Every structure is written in C-alpha cells, then in structure tokens.
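Here the structure is laid out as structure tokens; the discussion comes afterwards.
Chains as they are written, first to last, in the working numbering: chain A, 1 to 206; chain B, 1 to 174.
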C-alpha cells in the first residue's frame, strides 16, 4: 500500500520519504528553522523519523514530504496534530536557506490541495514561531490564512526562554462528507493505490 | 508530591472514585456547568464510570490532574483540572466546571493557590483556557482573574452538529 503521494508543483515536487533520504533529512535538521529546536545528534534518529513518517501516514496521524527542486532536496512539508474526523490538521514547512518563499508556498499549497481532496480537510492551521522568517507570515496571508491567535510563550526556547506562537488558520469551507454506510463510497482512506476522483492533480495517486 | 492543597476558604483535592461519585455527578449533570467547554451533561452512571477511569489514567500518566474544589462547608463548588500537560513546553490547559456556589470572590482565593502549585511545584510556565467564546460569565471571570485573551481558533471540534470555535485565554508565570 502507498500512503504518501508524490505531488508536482511548478518547478518542483513533494515526495514521500524513504530510507535513502537519511542524509537529506540530516541536512535539513542540522539547520533548524524554529528557535531553540534541537539538532539530532545521531543518524539513527533520522531513520526513526522516516519510519514514523510511514506509520503516521498509514494511521492518519501525520504525513511528511520532502520538497525537491531540480533534483535537490531543499526542505520538507509536515502534517501533524491531524484530527481526521474533525477535518482539521496542522502544517509546517522546514526549509534550507536556498528554499525560496515561492517554492515554499507552492509546496505547501499542493499538499493542502491533496489533503482537501483526499481527506476532505477543511481547517488547516499553521503555527509561526517568533524568530522564524517574517516572510513566512506574508506567505500565509497571501495564501488566505488568517491570524487567529497569538499564544504567548507557547514555544520553549532553551532552559528558561519562551517565544510567542502565532496561530494561523485557513478554512476552505468545502462541504463536509455525508455519512453513509461504511464502505458505501469505497473511500480508500489512506491507501493511495485506490484512486480518488480525478482532477488536475491526478499524478499524485498513480 | 502532595497534590491536595488549601486555597483560602477552599480545599482542592484529587477525587476519590468511590466516595465522590454522587457529588461529582450532581455537578456534572447541570448543563450550565460544562456548556462552555462544551460537553454534554452527565446523565448516566456509565458516563461517570468512564470519567473516573480517564481521570485516574490521565493522572497516572501525568497528562492531567483534576481537583474537587470544596468550600468551608465541605460542599463541592467546582471541579478544576489541568489537562494536556506538556512538560516539554511547560504548559497546560486549565478547565473549570463551576456550580452556582462559586463566584469571582471565591475564584480569587483559588487561582493564586492554583498558580502557585502549577508554576512553583509543577514548574509550568503557561496555563491556558480554551472555551466557547460566547459565554459572558466566564469571559468576565477570566478577565477579572488576570487572564489575557489571545484569540479565537476556528472549528476546533464538532458538538451537536455544529462546528465550535474556541477562544484562548492564558496566564503566565511571573
């Protein structure tokens, strides 16, 4: 079974992680974007993250993609705090300094489009932590996200420091799926080998 | 660590499954006590059994703690809990279910002791409360107690066929 699709965006793609990506992920985690974020000390930890990424996607707890531009891995898109039945989740992009804001936005958007179509997700949240690039806030606003709350000192930075977390939400207001008998619609849930209805982004499920 | 403590005229103590069933049900069956969370009132014994199971397991995992709040006449006036304790981020979510026997004056005695316990004993830094935004009594109490309004998160849960937004308020360690 396949749990995380490969999705193309203009100039690049997001793709699932494999054990061949240990060095790519190691490289990303050595340059953390979040203030105070610890760097992994051993590559075994990276292998575990890759293993978790598969398990999380299989159980609709989370999803992780690498962002690839012209054959180079420049970042990753992560889904976490996923509440599938509440149709909401949290997103995050971690990028190397070379990842442009346009590429970041395109990668995030194609992940959101997929999640909306495949899992009926309506409510996308994104937390920006004070200390991150301010351009990310502009990007979120341009994508239709709205700042909903500023969570004071909600992110721990070191032993005694804290940073505010600005929580953005994007609501797509799409209709909620109607409940039927289980299996009636053959909704393939996490198994991407069973296709969903086609539209422009259909490469993703093939 | 001793988790029970006095707060002015009030005692905050961990619940005891056998002896607290009846008094807790009396509080939790009142719709107004938990409408701001929101949560349905407790109508059946089975609900309380499940509630006690969760209280115990969450406490054993140190992901939550629930206190029965009793006044000088030993009457239960509220249940207050901290949930989603994040020892890493040093934060927790505060939740309260209040009876008509507790007012701002009472909470002004309870909150300083609760803060002292959470911030000094447990080492937390941030206590937040998430609740429906349209409950004026709670908004007034939170404001008067020194909580700061941080915003409103949309469509956080489904309740009675409705998407519910949750307002976030917080108080920080000094």
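From the three backbone atoms N, C-alpha and C, an ideal C-beta is built for every residue, glycine too. All of these numbers come straight from a predicted model, not from anything done at the bench.
Using a beta-carbon distance below 7 Å, is residue 63/B in contact with chain A? no
Identify, in the order they occur along the chain, each residue of the same chain with its Cβ nearer than 6 Å to the Cβ of residue 98/B, setting aside the five sequence neighbours on each side. 78
Under 8 Å by beta carbon: chain A residues contacting residue 118/B: The premise fails here: residue 118/B is roughly 14 Å from chain A at the closest Cβ pair, so nothing lies under 8 Å.
Using the beta-carbon count (16 or more within 10 Å), is residue 161/A buried or exposed? exposed
For a cutoff of 7 Å on Cβ pairs, would you count residue 27/A as touching chain B? no
Residues in the same chain with beta-carbon distance under 8 Å from residue 43/B, minus the five sequence neighbours each way, listed in chain order, please. 29
Please report whether the beta-carbon of residue 146/B lies at a distance below 7 Å from any beta-carbon of chain A. no
Helix, strand or coil at residue 30/B according to DSSP, with G and I counted as helix: coil
Beta-carbon spacing of residue 129/A, residue 151/A below 7 Å: no
Three-state secondary structure (DSSP) of residue 136/A: helix
Classify residue 125/B: buried if its beta carbon has 16 or more other beta carbons within 10 angstroms, exposed otherwise. buried
Measuring CB atoms only, is the region 145–160 of chain B touching the region 60–74 of chain B, in the sense that at least three cross pairs come out at less than 8 Å? no
Using 7 Å as the limit for Cβ to Cβ distance, is residue 169/A near chain B? yes
Taking only beta-carbon positions, decide if residue 61/A is within less than 7 Å of chain B. no
Using a Cβ cut-off of 9 Å, pull out every chain A residue sitting near residue 155/B, in sequence order please. 86, 87, 88, 122, 123, 169, 171
Short CB-CB distance (under 7 Å) between residue 126/B and chain A: yes
Could you confirm whether any beta carbon from chain A is found closer than 7 Å to the beta carbon of residue 172/B? yes
Name the chain B residues that come within less than 9 Å of residue 48/A, Cβ to Cβ? Per Cβ cutoff of 9 Å: no residues; residue 48/A is ~18 Å from chain B at best.
In chain A, which residues lie less than 7 Å from residue 91/B when you measure between Cβ atoms? 154
Nearest residue (CA-CA) to residue 145/B, options 118/B, 122/B, 109/B, 167/B: 109/B
Proximity winner among 165/B, 114/B, 37/B, relative to residue 7/B (alpha-carbon distances): 114/B
Quick check on residue 176/A: does DSSP put it in helix, strand or coil? coil
For residue 68/A, which residues of its own chain have a beta-carbon under 8 Å away from its beta-carbon, when the five flanking residues on both sides are left out? 12, 13, 14, 15, 74
Counting contacts by CB-CB distance shorter than 7 Å, is residue 149/A in contact with chain B? yes
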